[in-house]
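**Student:** Right, I'll just put the structure down here and ask away after.
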Amino acid sequence: MLATSDLWFRYQDEPVLKGLNLDFSLSPVTGLVGANGCGKSTLFMNLSGLLRPQKGAVLWQGKPLDYSKRGLLALRQQVATVFQDPEQQIFYTDIDSDIAFSLRNLGVPEAEITRRVDEALTLVDAQHFRHQPIQCLSHGQKKRVAIAGALVLQARYLLLDEPTAGLDPAGRTQMLAIIRRIVAQGNHVIISSHDIDLIYEISDAVYVLRQGQVLTHGAPGEVFACTEAMEQAGLTQHWLVKLHTQLGLPLCKTETEFFHRMQKCAFREAS
32 MLATSDLWFR YQDEPVLKGL NLDFSLSPVT GLVGANGCGK STLFMNLSGL LRPQKGAVLW
92 QGKPLDYSKR GLLALRQQVA TVFQDPEQQI FYTDIDSDIA FSLRNLGVPE AEITRRVDEA
152 LTLVDAQHFR HQPIQCLSHG QKKRVAIAGA LVLQARYLLL DEPTAGLDPA GRTQMLAIIR
212 RIVAQGNHVI ISSHDIDLIY EISDAVYVLR QGQVLTHGAP GEVFACTEAM EQAGLTQHWL
272 VKLHTQLGLP LCKTETEFFH RMQKCAFREA S
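Counting the sequence shown from 1 gives a position; this note's numbering is that position plus 31.
See the structure below:
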């Protein structure tokens with residue numbers, strides 16, 4: 032269980048997180064949205080133990096997080112973060128060594144390292160470029176290497192910061208597929224993003240943050256249908272939700288589902 036209880040965090044005298052009560056164990060994919068400065072990045076750093084709240088707690092396995100060296104080491108094997116810029120967590124020039132870095136630090140046997148690296152590369156669809164120098168990879172490929180580096184820890188929770196930023200449409204589609212494969216293995220994914228389309232399509236639950244507080248939360252369709260909350264948070268409604276709320280059309284989860292429904296309606300009218 033990963034959650035927060037009345038979590039407060041401030042930089043100097045300015046509170047950034049204000050009494051957050053969040054539970055990330057309830058849904059396979061949880062989305063965090065909000066305007067710049069709403070506290071998403073600070074929340075991620077608190078969840079991963081990089082920052083320590085001045086009041087309240089991050090809850091891990093139902094207990095306040097243990098900030099001892101041993102406690103943080105245990106947390107970071109179960110809660111892994113992938114930053115927006117993959118360059119921040121890539122240290123080697125060859126892919127296998129970079130992905131295996133954390134496991135070697137933990138003293139994992141080489142045979143097990145080889146197995147985990149191979150599985151992670153397969154999961155992020157990176158086998159075909161695993162022998163290329165990292166400096167020759169595209170931005171999207173580097174993101175996948177960074178995700179693989181987190182997956183080898185076999186973490187139960189994966190924190191993704193802007194996973195689709197800088198990706199072309201094909202890369203974005205591939206990222207969605209990777210997230211779904213991670214979840215299919217029984218893991219939880221928490222996504223912080225300005226990509227409303229991504230959050231609406233992939234998330235099972237959404238928290239909307241505004242000035243360090245939860246403005247609203249719930250299922251994506253319910254959250255994004257709340258026009259007032261979207262305006263207060265400085266966000267735009269997903270276009271499928273807008274069609275639903277303004278035109279009364281059925282609420283669809285994806286563009287493919289929407290056009291399929293429209294084709295069926297057109298076929299019925301034509302017949």
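Even glycine gets a Cβ: it sits at the ideal position worked out from N, Cα and C.
To the nearest angstrom, how far is it from the Cα of L168 to the Cα of T287?
**Tutor:** On the sequence shown, residue 168 is found 137 positions in, with the first residue counted as 1. On the sequence shown, residue 287 is found 256 positions in, with the first residue counted as 1. Roughly 31 angstroms between the two C-alpha positions.
**Student:** Under a Cβ-count criterion, where at least 16 other Cβ atoms within 10 Å of its own Cβ denotes burial, should W270 be classed as buried or exposed?
**Tutor:** Position 239 of the sequence shown, counting from 1, holds the residue named residue 270. By the neighbour-count rule (16 or more Cβ atoms within 10 Å), W270 is not buried but exposed.
**Student:** Let's test the definition: count the other Cβ atoms within 10 Å of the Cβ of R135 and tell me whether it reaches 16, buried, or not, exposed.
**Tutor:** What you label residue 135 is simply residue 104 of the sequence shown in a count that begins at 1. So R135 ends up on the exposed side.
**Student:** Hey, would you say L81 sits closer than 8 angstroms to V245, going by beta carbons?
**Tutor:** Along the sequence shown, read from residue 1 onward, the residue named residue 81 stands at position 50. Along the sequence shown, read from residue 1 onward, the residue named residue 245 stands at position 214. No, the pair does not count as a contact, with Cβ atoms beyond the cut-off.
**Student:** Name the two residues that bound the continuous beta strand (DSSP E) containing R241.
**Tutor:** One-based indexing of the sequence shown puts residue 241 at position 210. Looking at the DSSP string, the run of the beta strand (DSSP E) that includes R241 is A236 to R241.
**Student:** How long is the line joining the alpha carbons of L229 and Q205, rounded to whole angstroms?
**Tutor:** Residue 229 sits at position 198 when you count from the first residue of the sequence shown. Residue 205 sits at position 174 when you count from the first residue of the sequence shown. Answer to the nearest angstrom: the Cα atoms are 12 angstroms apart.
**Student:** Would you call the region 81-91 and the region 143-163 touching, i.e. three or more CB-CB distances under 8 angstroms?
**Tutor:** Touching, no, given that fewer than three Cβ pairs across the two stretches are closer than 8 angstroms.
**Student:** Quick check: what's the CA-CA separation for L274 versus G252?
**Tutor:** Reading the sequence shown from its first residue, position 243 is the one you call residue 274. Reading the sequence shown from its first residue, position 221 is the one you call residue 252. Taking the straight line joining both Cα atoms gives about 12 angstroms.
**Student:** Just the C-alpha distance for G279 and A215, rounded to the nearest angstrom, thanks.
**Tutor:** Stepping through the sequence shown from its first residue, residue 279 is reached at position 248. Stepping through the sequence shown from its first residue, residue 215 is reached at position 184. Spanning the two alpha carbons is a distance of roughly 33 angstroms.
**Student:** So, using beta-carbon positions, are G62 and I222 closer together than 8 angstroms?
**Tutor:** Against the sequence shown, residue 62 aligns to sequence position 31. Against the sequence shown, residue 222 aligns to sequence position 191. Yes; because the gap between Cβ atoms is below 8 angstroms, this pair is in contact.
**Student:** Near F40, which residues of its chain fall below 7 angstroms by C-beta distance, leaving aside the five closest residues on each side in sequence?
**Tutor:** Here the question's residue 40 lines up with position 9 in the sequence shown. Cβ neighbours of F40 beyond the five flanking positions: V47, L48, T73, N77, L82, P84 and Q85.
**Student:** So what's I221 in DSSP terms, helix, strand or just coil?
**Tutor:** Looking up residue 221 in the sequence shown gives position 190. Residue state, collapsed to three classes: strand.
**Student:** Return the CA-CA distance between F289 and I165, expressed in angstroms with no decimal places.
**Tutor:** Taking the sequence shown and counting its residues from 1, the one referred to as residue 289 is at position 258. Taking the sequence shown and counting its residues from 1, the one referred to as residue 165 is at position 134. Rounded to whole angstroms, F289 to I165 spans 39 angstroms at the Cα level.
**Student:** For the alpha helix (DSSP H) containing N136, name the first residue and the last one.
**Tutor:** Within the sequence shown, the letter at position 105 stands for residue 136. That run of the alpha helix (DSSP H) goes I126 to N136.
**Student:** Alpha helix (DSSP H) containing N77: first to last residue?
**Tutor:** For the purposes of this step, residue 77 is taken as the residue at position 46 of the sequence shown. N77 -> alpha helix (DSSP H) spans K71 to L78.
**Student:** Taking DSSP as the reference, what is the three-state secondary structure of Q163?
**Tutor:** Position 132 of the sequence shown, counted from the start, is the residue given in the question as residue 163. DSSP places Q163 in coil when its eight states are reduced to three.
**Student:** How close, in whole Å, do the beta carbons of Y123 and D116 come, if the pair is a contact with beta carbons under 8 angstroms?
**Tutor:** Taking the first residue of the sequence shown as position 1, residue 123 is located at position 92. Taking the first residue of the sequence shown as position 1, residue 116 is located at position 85. About 17 angstroms separates the two Cβ atoms, so there is no contact after all.
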